[in-house]
Amino acid sequence: MRLANVNAALARIDEGKYGVCEVCGERIEEDRLKADPSAPTCKEHMSN
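Residues 16 to 63, numbered by the numbering used here, are exactly what the sequence shown covers, in order.
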């Protein structure tokens, strides 16, 4: 599962979408990305 998350994050980097929440389109908080660099969503949407 972790490798899949990393690969998905690399794909978002290639697409220019890294650091942007997949749900709302807002920037993902810096502390969230520091805790989990592969996070696809912001804190508000992390449990969705």
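Virtual Cβ for every residue (Gly too), placed ideally from N, Cα, C.
Restricting attention to A24, T56, Y33 and L25, the CA atom closest to the CA of C39 is found in T56.
If you ignore the 5 residues before and after S53, its C-beta comes within less than 6 Å of the C-beta of N20, V21 and A24, all in its own chain and listed in chain order.
Rounded to the nearest angstrom, the gap between the Cα atoms of A50 and E30 is 22 Å.
For V38, the secondary structure class from DSSP, reduced to helix, strand or coil, is coil.
Straight through space, the alpha carbons of D46 and K58 are spaced by roughly 10 Å.
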